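Straight run, no breaks: the sequence shown in this note's numbering ends on number 169.
For each residue, glycine too, the CB sits at the ideal point set by N, CA and C.
All of these numbers come straight from a predicted model, not from anything done at the bench.
Below is one structure, written out as structure tokens; the observations come after it.
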Amino acid sequence: MEFLNRHHEIQRLSRALNSEESSLIVLYGRRRLGKTRLLQQVMQQDDIYFIADQRESTAQIETFARQVINKFKGFDSVNYPDWESILTALGRWTDKRFTLFIDEFPYLVKNTPELPSIIQKFKDAHPYFDHCLRCPPAK
């Protein structure tokens, strides 16, 4: 499917993602407007895309680890007990700059309310790390 009429949004996201400064980008809006597709347009080869769902935290962490092995082979050979340990391990696997795209982030926070502060802690410890969250609209 052709991707149309999002040049301004692509430029804005690309500028933020290519900046020397680390950043948090939250993309939100009504459902079915192309937010996920927009993120996919700006992703780079070393980036990681993870779509959350409503399963418990343990299942989400396992799924996330399996997604990361697309970039870092063997990453899922360890059992990660929580988000802090998996993000810390992710930071140790590479010194390359990458972006972590988390789609449907509110689903993760629902089961792990401390996750935003864990991500902030991780971001502070790894200045090359960027992340982009796609959140559905508040209800």
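Phe128 in three-state terms, based on DSSP: Residue 128 sits at position 98 when you count from the first residue of the sequence shown. Residue state, collapsed to three classes: strand.
Residue nearest to Thr93 in terms of C-alpha spacing, selected from Val72, Gln41 and Leu138: Here the question's residue 93 lines up with position 63 in the sequence shown. For the residues Val72, Gln41 and Leu138, the minimum Cα distance to Thr93 belongs to Leu138.
Is DSSP giving Tyr110 helix, strand or coil here? Working through the sequence shown from its first residue, we reach residue 110 at position 80. Coil, per DSSP.
Skipping 5 residues on each side, what residues in its chain have a beta carbon closer than 7 Å to that of Tyr110? Residue 110 sits at position 80 when you count from the first residue of the sequence shown. If we look at Tyr110 and ignore the five residues flanking it on each side, its Cβ neighbours are Ile91, Ala95, Ile116 and Ala119.
For Glu86, which residues of its own chain have a beta-carbon under 7 Å away from its beta-carbon, when the five flanking residues on both sides are left out? Here residue 86 refers to the residue found at position 56 of the sequence shown. Contacts found: Asn141.
Pick helix, strand or coil for Asp133, following the three-state DSSP scheme. In the sequence shown, counting from the first residue as 1, residue 133 sits at position 103. Reduced to three states, the DSSP call for Asp133 is strand.
On the CB-based measure, 16 or more other CB atoms within 10 Å of its CB, does Thr88 come out buried or exposed? In the sequence shown, residue 88 corresponds to position 58, counting from 1. So Thr88 ends up on the exposed side.
How long is the line joining the alpha carbons of Thr66 and Glu50, rounded to whole angstroms? If you number the sequence shown from 1, residue 66 lands on position 36. If you number the sequence shown from 1, residue 50 lands on position 20. Cα to Cα, the separation comes out at about 24 Å.
Run through DSSP, which three-state label would Leu69 get? Along the sequence shown, read from residue 1 onward, the residue named residue 69 stands at position 39. In the structure shown, Leu69 sits in a helix (DSSP, three-state: H, G or I).
Phe102 - DSSP class collapsed to helix/strand/coil: Along the sequence shown, one-based indexing puts residue 102 at 72. Coil, per DSSP.
Please classify Asp76 as buried or exposed, where buried requires at least 16 neighbouring CB atoms within 10 angstroms. As a first step, residue 76 must be located in the sequence shown, where it is residue number 46. The residue in question, Asp76, is exposed, as its Cβ has fewer than 16 Cβ neighbours within 10 Å.
Whole-angstrom Cβ separation of Ile148 and Trp113, contact assumed at under 8 Å? Counting from one through the sequence shown, the residue named residue 148 turns up at place 118. Counting from one through the sequence shown, the residue named residue 113 turns up at place 83. Right, the Cβ-Cβ distance comes to about 5 Å (below 8 Å), so this counts as a contact.
Reducing DSSP to helix, strand and coil, say where Pro167 ends up. In the sequence shown, residue 167 corresponds to position 137, counting from 1. Model confidence at Pro167 stands at a pLDDT of 49, short of 50, so the residue's coordinates are unreliable and nothing is read from them.
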